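Listed in order, the protein sequences are those of chains U and S.
First residue of the first sequence: 1, per full-length UniProt numbering; consecutive thereafter.
First residue of the second sequence: 1, per full-length UniProt numbering; consecutive thereafter.
For every residue, glycine included, the Cβ atom is placed at its ideal position computed from N, Cα and C.
Nothing here was measured: the structure is a model prediction, and the numbers come from that model.
Reviewing the structure listed below.
2 protein chains.
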Amino acid sequence: METKYETVKKGIKADIIAGTYQTGDKLPTESDFMHQFGVSRYTIRRAVGELQNERFIYRIQGGGMFVDDWQSERVVQVNNKMIGVITTHIADYIFPNIINGIDRIVSDNGYSILISNTHNNHQKERQSLIRMLDSDVEAMIIEPTQSALPNPNLDIYKKIREAGIPILCVNSHYDDLDFPYIETNDLEAEQRLVEYLFTQEHEKVLGVFQVDDSQGVHRMNGFVQSYLKHPKISYLSEILMYQSSDEMAKIFERITSIMSKEDHPTAITCYNDKLAIQIIDVIRSLDLRVPEDVSVAGFDDYQLSEYIDPSLTTMAHPKEKMGIDAGNAIIKMINKENVSSITYDPEMIIRNSTKRN
Amino acid sequence: METKYETVKKGIKADIIAGTYQTGDKLPTESDFMHQFGVSRYTIRRAVGELQNERFIYRIQGGGMFVDDWQSERVVQVNNKMIGVITTHIADYIFPNIINGIDRIVSDNGYSILISNTHNNHQKERQSLIRMLDSDVEAMIIEPTQSALPNPNLDIYKKIREAGIPILCVNSHYDDLDFPYIETNDLEAEQRLVEYLFTQEHEKVLGVFQVDDSQGVHRMNGFVQSYLKHPKISYLSEILMYQSSDEMAKIFERITSIMSKEDHPTAITCYNDKLAIQIIDVIRSLDLRVPEDVSVAGFDDYQLSEYIDPSLTTMAHPKEKMGIDAGNAIIKMINKENVSSITYDPEMIIRNSTKRN
DNA sequence: GTAAAATATTTGTCCGTATAAATCAACTAT
DNA sequence: ATAGTTGATTTATACGGACAAATATTTTAC
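Below is the structure:
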């Protein structure tokens, strides 16, 4: 059996929704309702009190009860279709292009992007994840933070999964979480790049890699494996690792000392194009010419890399295409369709920074 | 005077927050509270009823009243604090740095960034604004779209203002809306840059400007006014305007034809560094040297501009600082504090691309 | 000792009444 | 005509009491 105040509440609510009482209309007084429903004042007050909490009516002491603007309120609740995007560094380099690609797709599907930045820090990743959960996003696209290390936020990821919020990883993926991902085959690509340098008769190659994300680690592993395939020269390889938190000036000092030696490497393969451009500047300050004395290769095909002098040899990262694919995939995931992971094989773009003749 | 039920409510709430009653603890019964506060059962029930609505306690008929998990619930309610950021092109150039600066500040204040992209198109700006309104953002930071043209979305801006949502403009501002803004003094900066070129004994300077945003228009106006101050050589000036929708290849063709003439300009001042880097490449393809034959100046001090060869002369755009200032300003605006607009005077950075000797 | 039954406790629903505070409408004095 | 006053209307707060329904505790029966 239904309670009396519930009956009264339903009755009044139905009249509001049906339009009997229109938005802004004055409702009957409490004593009117008392007679109409044949209940005490307490019961009426309890019913209208709850209707007030639900924003169907508002009351003015001495003035009366009025129908609230309940329809527009409803719209607000429905229309917050958001997709969370968590990056390591929003501003860095190729990620703006990826975001741009994501935005093109999801905004066409009526979604907005809620963005957050981890600065490659697990603690900040945790905050970002919690905030996204609280903001009620419908799905998330995540660039893993320090994906080379074990992740301490598995509990949050578990909660997200339990909440039924689909997650897609881009640029990298977490080994202990089976989210679909979109990334490039960095290991194999770096191998091809180093093999190409070998064909250019470079034997002593310096590899410089940022190793706190898995892309950097994969690229470094590719570098190592290329040398392992040529055991006769593998002792000539040289590797320089750094973390994103390191001061770049110190990295450049170490490069300076390596390149100042009599038998310095004849080629450098860099973590990415941005680093390559900076390293070319360092090399020139040592009165060495690029590519005549030292070849330099980058990675990612940064947008200005073909215009600078010398134009950069690099591996083409899909960037915006990756964003578009990620956008399409996340829309599919929201619609409960199956998606499979994508791995791009970057195309090698040979330009002037590795010419040798 | 405070009502009795409010006193009771406050008293119980304070004990919960202070930890006198811990999460999960059983609270005293209604009759206990009646004696404790010396009020009727109605008053107690009204107080605990509201505490239940606020998720501080839950009640079990016949069982008793218990302290709810109010701490975690609180986080949920508070934490959908969002600030909307509307840009023309998310990925372009300096805007990622600005977003990064904004993010640093607002995320420290517990806000997330809801981002949207207008592609410099008024129709898309309209969609973005409506979506931000529906998503219930607390404030907006907006990079004006086609700020050189009259804005057709004034009705939406009016609605936003009526909703009490503060708006801050960055990079530019709308003349017919009196929102506070943070921008650079592009006109004066371009003037200083051109004046510097004049002191380097350039008389025939080509200016290349993207004119569908007001920054480009201001820079062009600065270029024009510099020449107006030197009427004797003003006939030597040459201007090339383009829109962001134009194909760059055609722009470069026009530059090629201008620079292929016998008496071509001896200096080019470009809309921004990115364009400058591309134009340097075009010039070199004409067998002209930079800076020996042609000086080239950029604008914005893009992060790689000091590393390329020749390093670029440019005007230093505050970028990330602009984002940080914008973040601080919008937090102030949310707190109803007054903020005043900021105009930066970019510092001229003279590098090798304009050396002449 | 355990299960069922009886009893007590505690919250939920509902009524009637009283007073306070705010609003509204009619009246009055200027 | 208008400003101020008065009284009626209406919602807000508050008390006390009664019974229902769910839960907790004690007693009883085996």
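Listed by position along chain S, the residues whose Cβ is nearer than 7 Å to that of U/Gln-278 are Tyr-307. Within chain U, Leu-114 and Ser-135 have C-beta atoms less than 8 Å from the C-beta of S/Met-82, given in sequence order. The beta carbon of S/Phe-33 is closer than 6 Å to those of Ile-44 in its chain, skipping five residues each way along the sequence. In the displayed model, S/Asp-68 falls within coil according to three-state DSSP, outside both helix and strand. The contact set of S/Asp-68 on chain U, defined by CB atoms closer than 7 Å, is empty, because the minimum CB distance reaches about 17 Å. Between the alpha carbons of S/Thr-29 and S/His-35 lies a gap of roughly 10 Å.
Separation of the CB atoms of S/Glu-190 and S/Arg-219 is rounded to 4 Å, and the pair is thereby assigned contact status at 8 Å.
Cβ proximity to chain S below 8 Å picks out Lys-274, Ile-277, Gln-278, Ile-280 and Asp-281 from the region 250-281 of chain U. DSSP places S/Thr-343 within a strand segment (E or B) once states are collapsed to three. Under the Cβ distance rule, U/Ile-60 does not count among the residues neighbouring chain S, no pair being separated by less than 8 Å. Non-local beta-carbon contacts of S/Val-339 in its own chain, meaning distances under 7 Å to residues more than five positions away in sequence, involve Pro-180, Ala-329, Lys-332 and Met-333 in chain order.
It is roughly 14 Å from the alpha-carbon of S/Val-137 to the alpha-carbon of S/Asn-335. Remark: C-beta atoms of U/Gln-243 and U/Asp-212 approach each other more closely than 8 Å. Identification of chain U residues near S/Arg-289 by a Cβ-Cβ cut-off of 7 Å yields none; the smallest Cβ-Cβ distance measures about 11 Å.
At a beta-carbon threshold of 8 Å, none of the residues of chain S lie near U/Asp-246; the nearest stands roughly 17 Å away. In this structure, the alpha-carbon of U/Arg-59 lies about 15 Å from that of U/Gln-22. Cβ contact annotation for S/Asp-69 (same chain, cutoff 6 Å, sequence separation greater than five): Thr-23, in chain order. DSSP, reduced to helix, strand and coil, places U/Ile-350 outside both helices and strands of the structure shown, so it counts as coil. In chain order, His-89, Ile-90, Ala-91 and Asn-117 make up the part of chain U whose C-beta sits under 8 Å from the C-beta of S/Asn-100.
For U/Ala-297, the closest of U/Arg-131, U/Thr-20 and U/Phe-198 by C-alpha to C-alpha distance is U/Phe-198. Of all residues in the UniProt domain "HTH gntR-type" (2-70) of chain S, those with a C-beta nearer than 8 Å to a C-beta of chain U are Asn-53, reading in chain order. Excluding five sequence positions before and after U/Tyr-302, the CB atoms of its chain that fall closer than 6 Å to its own CB belong to Asp-273, given in chain order.
Taking each of S/Val-85, S/Ile-277 and S/Ile-251 in turn and checking the Cα distance to S/Ile-113, the smallest one comes out for S/Val-85. Distance between S/Thr-184 and S/Lys-321, taken at the CA atoms: about 12 Å. A residue is called buried once 16 or more other Cβ atoms fall within 10 Å of its Cβ, and U/Ser-234, having fewer, is exposed.
S/Met-140 sits away from S/Ile-102, with the two beta carbons spaced by 8 Å or more.
A distance below 7 Å between beta-carbons, with the five flanking residues on each side excluded, links U/Leu-228 to the following residues of its chain, in chain order: Ser-234. For U/Arg-55, no beta strand (DSSP E) encloses it, and the DSSP letter there is neither H nor E.
Taking a cut-off of 8 Å on C-beta distances, the region 243-259 of chain S touches the region 276-292 of chain S, as three or more cross pairs fall below it. By the beta-carbon neighbour count (other beta carbons within 10 angstroms, threshold 16), S/Ala-163 is exposed. Contact with chain U is absent for S/Leu-312, since none of that chain's Cβ atoms lies less than 8 Å from the residue's Cβ.
Looking at the DSSP output, U/Leu-114 bridges to U/Gly-84 and S/Leu-114. Beta-carbon to beta-carbon, U/Ser-245 and U/Val-205 are separated by about 26 Å, too far to satisfy the 8 Å threshold.
In chain order, Ile-90, Ile-115, Ser-116 and Asn-117 make up the part of chain S whose C-beta sits under 8 Å from the C-beta of U/Asp-103.
Among the residues facing chain U, S/Leu-129 is not included, as its CB has no counterpart in that chain under 8 Å away. In this structure, the alpha-carbon of U/Thr-87 lies about 17 Å from that of U/Arg-104.
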